[in-house]
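Trainee:
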């Protein structure tokens, strides 16, 4: 049986007087591919900040890899791909190799020379995302889909067990979105656990192994097929406004 690598119990969080999360109970098991959906302002970004240690919950407990989050030190087990990752300025002076190397900065510091082993890990990470021919290319010259692959490589280079992706397909064309999800499925098969935040419910129900719907509290956490059977009224209640579920046929 898969073991939980994230456990949130009765978690609440406030920004001053405003409640962002209320009594959230959420588990991510080893090997999951979870699609986290919900409305703007529903607390998805706050949940990420809590898992990354950027904020501290007001109430409740969070465990990462079996440890209370305030005692968790193995930061390399978790990687994050920001929603803003693929908005590099075209003139940004960094090669693909340099961007992927940034994934080792927390471990190496900024000024330590790369060892042969580190360079091997960089190459292997780029190879996993199918971008080995682009190591010397400027990151700003790549397409949105290619950039997103490089940011996945940057996340992979530290050998994480959990990758959190925030709206990773924003600005990526439909053909490359499908290729991107193929890559995620390959990584998931290699026992990398994925938490993907998105507004695209239809795509998520097609690709994820589990779907979680968050609007301040967790309204649903289960099988994508079950999520697709929810009525329009149930979804509208979860989101707080009228909503239609659009499925994607492949």
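Residue numbers (the UniProt record's numbering): 1 to 250. Ideal placement from N, C-alpha and C gives every residue a C-beta, glycine not left out.
For residue 14, which residues in the same chain have their Cβ closer than 8 Å to its Cβ, ignoring the five residues on either side in sequence?
Mentor: 20, 58
Trainee: So the alpha helix (DSSP H) residue 224 belongs to, where does it begin and stop?
Mentor: 224 to 228
Trainee: Is residue 22 helix, strand or coil by DSSP?
Mentor: strand
Trainee: In the DSSP output, what is residue 9 paired with across the bridge?
Mentor: 61
Trainee: Secondary structure at residue 206, three-state DSSP: helix, strand or coil?
Mentor: helix
Trainee: May I ask which residues mark the beginning and end of the alpha helix (DSSP H) holding residue 81?
Mentor: It is not in any alpha helix (DSSP H) - residue 81 instead sits in the beta strand (DSSP E) that spans 78 to 81.
Trainee: DSSP on residue 126, reduced to helix/strand/coil?
Mentor: helix
Trainee: Between 117, 152, 165, which has its C-alpha nearest residue 129's C-alpha?
Mentor: Among 117, 152, 165, the Cα nearest to that of residue 129 is on 152.
Trainee: Within 8 Å, do at least three Cβ pairs link the stretch 117 to 134 to the stretch 46 to 55?
Mentor: no
Trainee: Which class does residue 249 belong to by DSSP, given the choice of helix, strand or coil?
Mentor: Residue confidence for residue 249 is low, a pLDDT of 46 falling below 50, so the modelled location carries little weight and cannot support an answer.
Trainee: Am I right that residue 126 and residue 148 are in contact with their C-beta atoms under 8 Å? What's the rounded C-beta distance?
Mentor: With 8 Å as the limit, residue 126 and residue 148 do not qualify as a contact, their Cβ atoms being about 13 Å apart.
Trainee: Could you check what DSSP says for residue 240 in three-state terms: helix, strand or coil?
Mentor: coil
Trainee: Considering only DSSP beta bridges, list what residue 96 is partnered with.
Mentor: Its beta-bridge partners do not exist; DSSP assigns none.
Trainee: Measure the C-alpha to C-alpha separation of residue 237 and residue 120 and round it to an integer number of angstroms.
Mentor: Taking the straight line from one Cα to the other gives about 50 Å.
Trainee: Return the chain-ordered list of same chain residues with a C-beta closer than 6 Å to the C-beta of residue 69, the five sequence neighbours on each side being excluded.
Mentor: 62
Trainee: Around the C-beta of residue 17, are 16 or more other C-beta atoms found within 10 angstroms, so that it is buried, or is it exposed?
Mentor: exposed
Trainee: Find out if the Cβ-Cβ distance for the pair residue 65, residue 185 is shorter than 9 Å.
Mentor: no
Trainee: Do you know offhand how far residue 170's Cα is from residue 164's?
Mentor: Rounded to the nearest angstrom, the two C-alpha atoms are 15 Å apart.
Trainee: What does the Cβ neighbour count give for residue 146, buried or exposed, with the cut at 16 atoms within 10 Å?
Mentor: Label assigned to residue 146: buried.
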